[in-house]
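Have a look at the structure below before the remarks.
In our numbering, the protein residues as written are 13 to 318.
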């Protein structure tokens, strides 16, 4: 008798990442000479799906790409990582999502995203792919699809008892009750403040501990607050736990947060506590920041994590 492998369904975005390297970020009105111009696989949903799959869990994807030249590069590493793509639609007369990513010499980045086909992942689209969600043990969502699609995915997940994990990035105006189903909600400090304002709550300060306490007070079962090079904070019914991160010299932070979230979900599906999952995720995120791009930098189970 074989044991059923825990299964994650990601409902999210797929992008092609146009990567540009610069010595520093330009000021408004300034023109700089850069290098690069590679087109790599990206999108927050796709990034997190690849990260989770490379950490050894079964992953399916619900999303869309266009009928342009960017669709192939955008899907390449999802396919190579073994993600089930049978619920990804290739939409006619629509462009694939595109992110223009500018990486400075210190590893920090700026990103502009053109949604393209991701904007079509609405409630009707998600309902058409309900069969995928019905098989999920955990459904992972981000903020790069329409709010109606987000809400429908949560409804379908809860109807079958699947755990919902939300990385509300970017912070978009989604249904409050749908958002509160997140277990955990994964946000950085900036996103935490925006999420609190969206919920109609006051942000008392920028102190990480107070941010997670306020989010928990709003009704979240658990919160993971990511702090970049300072690690993360986990808050759930067991209390509040600081999560350290390995100290590294970052090459490119693009997608490191997505690597963290994907690895977190993988460990949760494998039975880890939220705190233990976050400890592992911090190491995966640090590894990702040592390489260029998002998905190409993600470790598999054979990688030596910092």
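Idealized CB from N, CA, C, for every residue including glycine.
Could you check whether residue 274 and residue 246 sit closer than 9 Å to each other, using their CB atoms as the reference points? Result no, Cβ atoms of residue 246 and residue 274 do not sit closer than 9 Å.
- Task: Could you have a look at residue 304 and say whether DSSP puts it in helix, strand or coil?
- Result: Residue 304: coil per DSSP, three-state reduction.
- Using DSSP with H/G/I as helix, E/B as strand and the rest coil, what is residue 183? Three-state DSSP puts residue 183 in coil, outside helix and strand.
| field | residue 45, buried or exposed, once every other Cβ within 10 Å from all chains shown has been counted against 16 | value | Exposed, by the Cβ-count rule.
Problem set entry | Test item: CB-CB of residue 312 and residue 66 under 9 Å | A distance below 9 Å separates the beta carbons of residue 312 and residue 66.
(message) What would DSSP say about residue 28, mapped onto helix, strand or coil?
(response) Under the three-state reduction of DSSP output, residue 28 falls in the strand class.
Between residue 102 and residue 83, how many whole angstroms is the CB-CB distance? I'm expecting something under 8 Å.
Indeed they touch by this definition, with Cβ atoms about 6 Å apart.
Residue 216 burial status per 10 Å Cβ neighbour count (16 or more: buried): Exposed, because fewer than 16 other Cβ atoms sit within 10 Å of the Cβ of residue 216.
At a cut-off of 8 Å, is residue 115 close to the ligand HEM when judged by its beta-carbon and the heavy atoms of the ligand? Annotation note on the ligand HEM: not contained in the displayed structure, which lists no ligands.
- Task: Compare the C-alpha of residue 244 against each of 272, 171, 37, 135 and name the closest.
- Result: The residue with the shortest Cα to Cα distance from residue 244 is 272.
Notebook entry, point to check: Relative to the alpha-carbon of residue 39, which residue among 303, 199, 116, 214 has its alpha-carbon at the smallest distance?
Noted result: Measuring from the Cα of residue 39, the nearest candidate turns out to be 116.
My understanding is that residue 128 touches residue 75, with C-beta atoms under 8 Å, so please give their C-beta distance in whole angstroms. With a contact defined as Cβ atoms closer than 8 Å, residue 128 and residue 75 miss out at about 11 Å.
Collapsed DSSP secondary structure at residue 291 in the structure displayed: Helix, per DSSP.
- prompt: Whose CA, out of 188, 180, 192, 228, lies closest to the CA of residue 203?
  reply: Distances from the alpha-carbon of residue 203 to those of 188, 180, 192, 228 put 180 closest.
Notebook entry, point to check: By Cβ distance, which residues of its chain are closer than 8 Å to residue 51, with the 5 residues on each side in sequence left out?
Noted result: The residues are 28, 29, 30, 31, 82, 85.
Classify residue 57: buried if its beta carbon has 16 or more other beta carbons within 10 angstroms, exposed otherwise.
Buried: at least 16 other Cβ atoms inside 10 Å.
**Message:** Looking at residue 214: is its Cβ nearer than 9 Å to the Cβ of residue 186?
**Reply:** Their beta carbons are not under 9 Å apart, which means residue 214 does not touch residue 186 by this criterion.
Inter-residue Cα distance where the pair is residue 47 and residue 80 | Approximately 24 Å between the Cα atoms of the pair.
Please say whether residue 277 and residue 177 have beta carbons closer to each other than 9 Å? Yes, they are a contact pair.
task = Leaving out five residues on either side along the sequence, give the residues of the same chain with a beta carbon under 6 Å from the beta carbon of residue 293.
result = So the list reads 272, 275, 276, once near-sequence residues are dropped.
**Request:** Verify whether the separation of the beta carbon atoms of residue 148 and residue 300 is less than 9 Å.
**Result:** Against a cut-off of 9 Å, the Cβ pair of residue 300 and residue 148 comes out as no contact.
query: Can you name, in chain order, every residue of its own chain whose Cβ lies under 6 Å from the Cβ of residue 306, other than the five neighbours on each side?
result: Only 54, 59, 266, 267 meet the Cβ criterion.
Practice task
Would you kindly report the start and end of the unbroken beta strand (DSSP E) that includes residue 19?
Solution key: DSSP places residue 19 in the uninterrupted beta strand (DSSP E) bounded by 19–23.
Note to self: Are the CB atoms of residue 21 and residue 174 within a distance shorter than 9 Å?
What the structure shows: Yes, the pair counts as a contact, with Cβ atoms nearer than the cut-off.
Answer yes or no: do residue 195 and residue 161 have a C-beta to C-beta separation smaller than 9 Å?
For residue 195 and residue 161, no; Cβs fall outside 9 Å.
### Query
Can you tell me whether residue 164 is buried or exposed, with buried defined as 16 or more other CB within 10 angstroms of its CB?
So residue 164 counts as buried.
C-alpha distance - residue 303 paired with residue 118, whole-angstrom precision: Straight-line measurement puts the Cα of residue 118 at about 13 Å from the Cα of residue 303.
* To do: Grab the span of the alpha helix (DSSP H) containing residue 146 for me, first residue to last.
  => DSSP places residue 146 inside the alpha helix (DSSP H), whose first and last residues are 142–146.
Next on the checklist: At the level of alpha carbons, what is the spacing between residue 229 and residue 154?
Outcome noted: Looking at the two C-alpha atoms, the distance is approximately 22 Å.
Would you kindly work out how many angstroms separate the C-alpha atoms of residue 219 and residue 105, rounded to a whole number?
About 46 Å.
Query raised in the report: What residue does the alpha helix (DSSP H) around residue 270 start on, and which one ends it?
Result: Start and end: 268–281.
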